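Shown next, in structure tokens, is the structure this report addresses.
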Amino acid sequence: MENELLKKIKNNNFKISVIGLGYVGLPLAVEFAKNGFEVYGIDIDKNKVKNINEGISYINDISNNELLDLVKKNKIKAFENYNILSEVDIIIITVPTPLSKTKDPDLSYVLNAVNNIKNHLKKGHLIILESTTYPGTTDEVIKPILEESGLKCGSDFFLAFSPERINPGDKIYKIKNTPKIVGGVDEISGKLAYEVYSKIIDSVIIVSSSKVAEMAKLLENTFRAVNIALANEIAIMCNILKIDVWEVVESAGTKPFGFMKFYPGPGIGGHCIPIDPIYLSWKMKTLNYNARLIEVASEINTNMPRYVVQRIADILNEYEMSIKGSKILILGVAYKRDVNDIRESPAIDIISLLSDKGAIVYYFDPYIPKIQIGDLEIESVELTKEVLKESDLVVLITDHSIFDYEFIYKNANLIFDTKNAFKNYSEKIYKL
Ligand SMILES: NC(=O)c1ccc[n+]([C@@H]2O[C@H](COP(=O)([O-])OP(=O)(O)OC[C@H]3O[C@@H](n4cnc5c(N)ncnc54)[C@H](O)[C@@H]3O)[C@@H](O)[C@H]2O)c1
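Note that the working numbering has the sequence shown beginning at -11, numbered continuously upward.
Have a look at this one:
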């Protein structure tokens, strides 16, 4: 089976299916399609399927023109059901891996996708999981489910893990020039996955197992979470010491070796950094090991929105105002610059904490027209002179590049800048 599939891959004679067409899946599907492969996307979200088939993109990094062109050339087609799997050779899973309410890994989306694949599994299929997960998922959870079909992994079908490293909004590192790790549950599966990604990615690194690939992804994101927590705690310490943390980070960053700049912020968000380390600490708990550094980092980062609200109270206090009754404009609610994603965004916690304390809170974010906090639906205001002048305090949470910082500075009364976006201004600016 493996030689037949290898030949198909080498001859560019394979069809591919991407399951889960979100921030990861759609750009990946587009990249394969741009390279001439036929891609069949599958998503349980009817609207996404409809939009794709009409050439309408819902991801900032993919333009409507680019998508429409590929749809017209029959390079991309989206489906709501899995029947199309009988016609493809490669299946890549990019569904969500969130946490449950009790902060445990929620593999339900992956399991749903895998059970659907099992029902359509045929000899010669290569399945690759890209969703971030704890070590052992591909080998110990997914493989046995797929083998319930009666087909054998490593001879009838093949299975690998390849972590996704996409950085939404990044103008330099795209799918093609971001090196990709692959690890098979057996040697041949890894080799086949390597050949597939080599078609669209400049540098593919093959590792000895799917577990190594799973753990490498968790190391990358735990590294980020821990270092951001360090920067956040340094910011808290600098505030007590009355030192500018931003100047401290920049000056430490002049060291050409042994240091890497991480910046503080109002908290961490998105589907990766706050969640992925918890997948690892959960797995370790099942093995009676307490991943202390992850727990501490997570606690520091999760508390940042509360810290921001405390600082807001302190700033207002200097002007004999209280949070209760103050008009507070939040600038940016996306979890990071230039994206339209609010998952786990600290802005949501900050707005919610301020509302609970009786502030009149509103926000402006050109990428997020409305947000839902519990039963409350809030729409983005327009960023006019009047809105800025009427606000007692403007709090910058997300430093989108398209903000007109000069205009905001000129018209705002007071600014609390959690991102050092107003570094060229000094009066009436309070920094994290
Ligand atoms: N967003 C990122 O920047 C990023 C980066 C690296 C890795 N990841 C990882 O990639 C995975 C996907 O993340 P995302 O941000 O693309 O999520 P997303 O929510 O944007 O997209 C997931 C898509 O999967 C669909 N889906 C859910 N269950 C399905 C099923 N059973 N069958 C078919 N479709 C299904 C959803 O409708 C959704 O459209 C996660 O494991 C995440 O941790 C994300």
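Every residue, glycine too, gets a C-beta built ideally from N, C-alpha and C. Just so you know, these numbers come straight off a predicted model, no measurement behind them.
When you measure from the CB of residue i to every non-hydrogen atom of ligand 1, does any distance come out below 7 Å?
{"i": "Ile78", "result": "no"}
{"i": "Tyr11", "result": "yes"}
{"i": "Gly8", "result": "yes"}
{"i": "Ser119", "result": "yes"}
{"i": "Asp33", "result": "yes"}
{"i": "Ala409", "result": "no"}
{"i": "Lys106", "result": "no"}
{"i": "Gly258", "result": "yes"}
{"i": "Ala17", "result": "no"}
{"i": "Tyr46", "result": "no"}
{"i": "Arg325", "result": "no"}
{"i": "Glu152", "result": "yes"}
{"i": "Asn100", "result": "yes"}
{"i": "Ile189", "result": "no"}
{"i": "Tyr350", "result": "no"}
{"i": "Tyr97", "result": "yes"}
{"i": "Thr210", "result": "no"}
{"i": "Ile30", "result": "yes"}
{"i": "Thr82", "result": "yes"}
{"i": "Lys36", "result": "yes"}
{"i": "Thr85", "result": "yes"}
{"i": "Pro123", "result": "no"}
Quick one: what does DSSP say residue i is sitting in, helix, strand or coil?
{"i": "Ile216", "result": "helix"}
{"i": "Cys260", "result": "coil"}
{"i": "Pro86", "result": "coil"}
{"i": "Ala409", "result": "coil"}
{"i": "Ser368", "result": "coil"}
{"i": "Lys416", "result": "coil"}
{"i": "Arg389", "result": "Before going on, a small fix: residue 389 reads as Ser here, not Arg. Correct three-state label for Ser389: coil."}
{"i": "Gly346", "result": "coil"}
{"i": "Ser137", "result": "coil"}
{"i": "Tyr351", "result": "strand"}
{"i": "Gly13", "result": "helix"}
{"i": "Tyr28", "result": "strand"}
{"i": "Gly171", "result": "strand"}
{"i": "Ile338", "result": "helix"}
{"i": "Pro293", "result": "helix"}
{"i": "Ala285", "result": "helix"}
{"i": "Ala66", "result": "strand"}
Return the residue from the list the options that minimises the CA-CA distance to residue i.
{"i": "Ile339", "options": "Glu374, Asn107 and Ile316", "result": "Ile316"}
{"i": "Ser74", "options": "Ser343, Glu54, Arg212 and Lys110", "result": "Lys110"}
{"i": "Glu175", "options": "Asn328, Gly142, Val98 and Leu55", "result": "Gly142"}
{"i": "Arg299", "options": "Asp92, Ile361, Val382 and Asn52", "result": "Val382"}
{"i": "Gly24", "options": "Gly257, Asn165, Ile4 and Ile311", "result": "Ile4"}
{"i": "Ile311", "options": "Tyr355, Leu58, Ser269 and Gly346", "result": "Gly346"}
{"i": "Ile50", "options": "Tyr97, Ile385, Lys398 and Val12", "result": "Val12"}
{"i": "Met370", "options": "Ile222, Ala279, Tyr351 and Ile154", "result": "The sequence as given places Glu at residue 370; Met does not occur at that position. The option with the nearest alpha carbon to Glu370 is Tyr351."}
{"i": "Gly112", "options": "Phe404, Glu415, Glu(-8) and Asp326", "result": "Glu(-8)"}
{"i": "Pro262", "options": "Phe395, Asn278, Ile330 and Val236", "result": "Ile330"}
{"i": "Thr125", "options": "Asn39, Glu202 and Glu283", "result": "Glu202"}
{"i": "Thr372", "options": "Thr386, Asn399, Asp363 and Asn103", "result": "Asn399"}
{"i": "Met292", "options": "Val83, Val59 and Ile385", "result": "Ile385"}
{"i": "Leu9", "options": "Ile78, Val27 and Thr82", "result": "Thr82"}
{"i": "Pro254", "options": "Glu332, Thr242 and Lys273", "result": "Glu332"}
{"i": "Phe67", "options": "Pro84, Asn35 and Leu95", "result": "Asn35"}
{"i": "Leu87", "options": "Gly313, Ile266 and Pro252", "result": "Ile266"}
Alpha carbon to alpha carbon, how far is residue i from residue j?
{"i": "Lys106", "j": "Gly178", "result": "20 Å"}
{"i": "Ser150", "j": "Val170", "result": "4 Å"}
{"i": "Glu308", "j": "Ala301", "result": "10 Å"}
{"i": "Asn220", "j": "Lys324", "result": "16 Å"}
{"i": "Phe467", "j": "Tyr122", "result": "Examination of residue 467 is not possible in this model, given that the chain is present from -11 through 420 alone."}
{"i": "Ile231", "j": "Lys407", "result": "16 Å"}
{"i": "Ile256", "j": "Lys(-4)", "result": "43 Å"}
{"i": "Leu16", "j": "Val37", "result": "15 Å"}
{"i": "Ile289", "j": "Ile72", "result": "It is Asn, not Ile, that sits at residue 289 in the sequence shown. Between Asn289 and Ile72, the C-alpha separation is close to 43 Å."}
{"i": "Phe250", "j": "His108", "result": "46 Å"}
{"i": "Pro334", "j": "Trp270", "result": "23 Å"}
{"i": "Pro357", "j": "Gly320", "result": "11 Å"}
{"i": "Lys(-2)", "j": "Glu183", "result": "7 Å"}
{"i": "Glu378", "j": "Val327", "result": "27 Å"}
{"i": "Ile216", "j": "Ile366", "result": "29 Å"}
{"i": "Tyr161", "j": "Val236", "result": "28 Å"}
{"i": "Leu58", "j": "Val27", "result": "10 Å"}
{"i": "Tyr355", "j": "Asn48", "result": "9 Å"}
{"i": "Glu415", "j": "Ile403", "result": "9 Å"}
{"i": "Lys243", "j": "Trp234", "result": "15 Å"}
{"i": "Gln360", "j": "Asn100", "result": "27 Å"}
{"i": "Ala279", "j": "Thr120", "result": "18 Å"}
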